[in-house]
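With the first letter of the sequence shown counted as 1, position 139 gets the number 164 in the working numbering; the numbers rise by one all the way through.
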Amino acid sequence: MARRNLGTVVKFEFTRTIKKRRFWIATLAIPVLLGIVFALVFISNSATATRSDEQKNQTLAFTYTDTSGIIDPKVATAMGGVPEQNPGTAAQRVKGGELNAWFSFPADITKEPVLVYGADQGIFKNGTYEAVATELVVRSAQEKVGSAELTAAVQGNFRTESQTFKDGEPSGGLATVVPPLLFLVLFYVVIILLANQMLASTLEEKENRVTEMILTTLNPTTLVVGKVISLFLVGAVQALVFATPMVLGYLFFREQLNMPNFDLSTLQFQFLPMLTGALMFIGGFILFTGVLVGIGAVMPTAKDASTVFAPVMIMMFIPFYIVTLVVSDPGSLIVEIFTFFPFTAPITAMLRNAFGSLPGWQAGIVIAELFIFGALALRIAVHLFRYGSIEYSRKLSLRTAFARKG
């Protein structure tokens, strides 16, 4: 009977939420905005590529003076340049509009700047002059070197392959860090998206004055647990909707949108870090959900609950103030405190788990702590809901609630 009631609550809460127009407006707002941004970026990049192609097919008319001996006359001619016959008046002629551009290359370009003079073409196009002058030096140097290998070496255009080792085994670097970090990203997405719904899950019945009717047919534990499960399912729907445009954009329009190219085949999904991350995610979700549901059970209205809601949410972001210590000095005292303090433990521990600095025994303690405190938070939330559900006009007294037998 209890199991059937739980399924009924989950189904009711889930369908009630996803049937609301405001839920889909809020859920689809971000993907729609992302789609608009992607479209604008696509159009902008297409226009930029067109202009770039046009500029490549055009040459910039300029004169130049070379005292360095680096500039190759053939390269300069191919780029639209001619030697300046009267350097003394070149700058004035550019200023007076008689000359489009003049470049003056000093005897030692490592000690003195290359002087670039050009007619104003607007703030975005004026950089073309410096770009052409720089390109002229690079191409001329390449011609003098006469070796593609040496040119690549000088410019740093060569690949390296590195391998690091940990405990006698090859370590995967970022390839092993990224997969466990996905649980941290998912944790933030789910909690931030569902925080208000967690808070309102118990407030809604109180504000609608239907709680007594519900509790005559349902056990408070079944009701609260059913709400938590339904919230998790709603979060999964929202996360899927939000991720869809990003995945489609990466798979089909990556180059047009200038998205970085991640070689997903190099990612290493190691069993223990992934299992640890999953358990911390679930434990952290239960803990924060229990606390927020409990707040909703105590407060009579959403306005009253918001005063307590903000500090709870802020604690999720506090670990990012020490993220550099988490990465560089995970054994420091403040990191250890944040690792075991319940409300900062999910974030700090998941970061350390991803970067491989969380020992197994500490991971075990954190996971046990999150599930124990999460279960305790849900138990307290059920107790508070039992006695606070009929307090419609004032805040439930915690002393009174805990003085009563559950």
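Glycine included, C-beta positions come from ideal geometry on N, C-alpha and C.
{"Check": "Range covered by the alpha helix (DSSP H) that runs through Pro98", "Outcome": "98 to 103"}
{"Check": "Simplified DSSP state of Tyr417, which is helix, strand or coil", "Outcome": "At Tyr417, the pLDDT of 48 sits below 50, so the modelled position is not reliable; the number obtained from the coordinates is stated separately. In this structure, Tyr417 counts as coil in the three-state DSSP scheme."}
{"Check": "Beta-carbon separation (whole angstroms), Ala220 vs Leu317, contact threshold 8 Å", "Outcome": "6 Å"}
{"Check": "Alpha helix (DSSP H) runs contained entirely in the region 348 to 409, provided each spans 4 or more residues", "Outcome": "348 to 353, 358 to 365, 370 to 380"}
{"Check": "Residue environment, Arg377, which counts as buried when at least 16 other CB atoms sit within 10 Å", "Outcome": "buried"}
{"Check": "Coil, strand or helix - Phe128 by DSSP", "Outcome": "strand"}
{"Check": "Helix, strand or coil at Leu85 [DSSP, three-state]", "Outcome": "coil"}
{"Check": "Beta-carbon proximity list for Lys99, same chain, < 7 Å, skipping 5 on both sides", "Outcome": "none"}
{"Check": "Neighbour-count burial assignment, Pro371, 16 or more Cβ in a 10 Å radius", "Outcome": "buried"}
{"Check": "Burial state of Lys36 (16 or more Cβ within 10 Å)", "Outcome": "exposed"}
{"Check": "With 16 other Cβ atoms within 10 Å as the buried cut-off, status of Glu123", "Outcome": "exposed"}
{"Check": "Coarse secondary structure for Gly143, derived from DSSP in three states", "Outcome": "strand"}
{"Check": "Three-state secondary structure (DSSP) of Pro108", "Outcome": "strand"}
{"Check": "Beta bridge counterpart(s) of Thr90 as assigned by DSSP", "Outcome": "Ser129"}
{"Check": "Whole-angstrom distance between Glu38 and Val259, CA atom to CA atom", "Outcome": "9 Å"}
{"Check": "The alpha helix (DSSP H) enclosing Gly171, as first and last residue numbers", "Outcome": "Gly171 -> no alpha helix (DSSP H), and no H or E assigned at all."}
{"Check": "Enclosing alpha helix (DSSP H) for Phe313 [first to last residue]", "Outcome": "296 to 323"}
{"Check": "Distance between Leu206 and Asp354 (C-alpha atoms, nearest Å)", "Outcome": "18 Å"}
{"Check": "Beta-carbon contacts of Glu155 that lie in its chain and below 6 Å, excluding the five residues immediately before and after", "Outcome": "Val141"}
{"Check": "Stretch pair the region 41 to 59 + the region 123 to 135: three plus CB contacts closer than 8 Å", "Outcome": "no"}
{"Check": "Under 8 Å between C-beta atoms of Gly315 and Ile392", "Outcome": "no"}
{"Check": "Ile362, buried or exposed, once every other Cβ within 10 Å from all chains shown has been counted against 16", "Outcome": "exposed"}
{"Check": "With 16 other Cβ atoms within 10 Å as the buried cut-off, status of Gly389", "Outcome": "exposed"}
{"Check": "Arg184 (DSSP reduced to helix, strand or coil)", "Outcome": "coil"}
{"Check": "Cβ separation of Ile43 and Val262, assumed to be a contact under 8 Å, to the nearest whole Å", "Outcome": "7 Å"}
{"Check": "Coarse secondary structure for Lys150, derived from DSSP in three states", "Outcome": "coil"}
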